[in-house]
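Read the structure below first, then the notes.
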Amino acid sequence: MKFREYYKLTKITTKNCLKISGVIFTAISAIIYGITETMNRSDSIIEVTIVFFTCFLLGNSFGLFICILAIISGFKQVQSTIHFYNSIPTAIREKFELGLQPKPLNDRYNYLNLQIIGYISNAHLLVFEQLKSINGVQIILMCKFDNNLNLQKRILEIGKKYKKEQIALTGWGLSKRVKKKKWKSITEAEIENYINELFVVSEKEKILKIK
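So the mapping is simple: the working numbering equals the position in the sequence shown, first residue as 1, plus 965.
Here's what the structure looks like:
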């Protein structure tokens, strides 16, 4: 995806960002000016007009700067996700029907981001994502839980039990974590084994899978 394409897809977000940040920073500029110039302020219409336009220009200029940073950051995240998607072996992408999908975010307040979602037999949902906290990758087998389940307790239990296997339970499901160094040389067979491992653990621990 090129930056121009990303910009076109996020026009609504950018317009809203400019509008909100412009109002906020214009108000901040006016308040700062009001505090610093209270003693020397004149009541002349000309000075009030100059102050108004100065605050308007400063506020909107800073708001524009913030929006530029936001859209560049969003674009880099999308590019990173696309690059990660391309790093997944083609056979794995085809077998598990992996594809890039927009994250379900409010497009008025959040810049477009992508997620990698796949399916097993059109039933069980898989998510592949980069994990900054371990500088690596995690594969998530999405799950649903019994309403009576003590989730926090199970998270601690499974985290401790499968620490060596780098398998953890989250509010979304079971995840298998892989270090970035390992991911760079990972094979199709290893990824399949990881996914199968998640299924085995989910059944052994009686964690229900989404269907």
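Idealized CB from N, CA, C, for every residue including glycine.
Bear in mind the structure is a predicted one, so any value in this text is a computation, not a measurement.
For residue i, the first and last residue of its enclosing beta strand (DSSP E)
i: S1140; result: G1138 to K1144
i: I1151; result: Careful: I1151 lies outside any beta strand (DSSP E) and carries neither H nor E.
i: I1172; result: Here I1172 belongs to no beta strand (DSSP E), and DSSP marks it neither H nor E.
Same chain only: Cβ atoms within 7 Å of residue i, ignoring 5 sequence neighbours per side
i: F968; result: F1040
i: M1004; result: Note that M1004 has pLDDT 47, beneath the 50 cutoff, so the model's placement of it is unreliable and no number is given.
i: K1068; result: N1078, L1079 and Q1080
DSSP-derived helix/strand/coil call for residue i
i: I1053; result: coil
i: I1160; result: helix
i: L1114; result: coil
i: N981; result: helix
Residues near residue i in its chain [Cβ-Cβ closer than 6 Å; skip 5 each side]
i: T978; result: D1072 and Y1076
i: E1153; result: P1054, A1056 and I1057
i: K1144; result: G1101
Euclidean distance between Cα positions of residue i and residue j
i: F1164; j: K1125; result: 18 Å
i: V1102; j: L983; result: 34 Å
i: S1052; j: S986; result: 37 Å
i: G1083; j: F1027; result: 41 Å
i: Q1080; j: L1106; result: 14 Å
i: Y971; j: L1114; result: 42 Å
i: W1137; j: K1109; result: 8 Å
i: E1168; j: N1161; result: 11 Å
i: D1111; j: K1146; result: 36 Å
i: K1149; j: L974; result: 31 Å
i: I997; j: T991; result: 10 Å
i: K1129; j: K980; result: 48 Å
i: V1166; j: I1156; result: 16 Å
i: E1170; j: H1089; result: 17 Å
i: L1022; j: I1033; result: 16 Å
Limits of the unbroken alpha helix (DSSP H) element including residue i
i: Y972; result: F968 to L974
Own chain partners of residue i with C-beta closer than 8 Å, once the 5 adjacent residues on each side are dropped
i: A1133; result: I1120, I1123, G1124, Y1127, L1139, S1140 and R1142
i: Y1159; result: I1104, K1141 and V1143
Scan the segment 1064 to 1102 and note each continuous beta strand (DSSP E) run of 3 residues or more that stays entirely inside, going in chain order.
-> 1064 to 1067, 1079 to 1085 and 1089 to 1096
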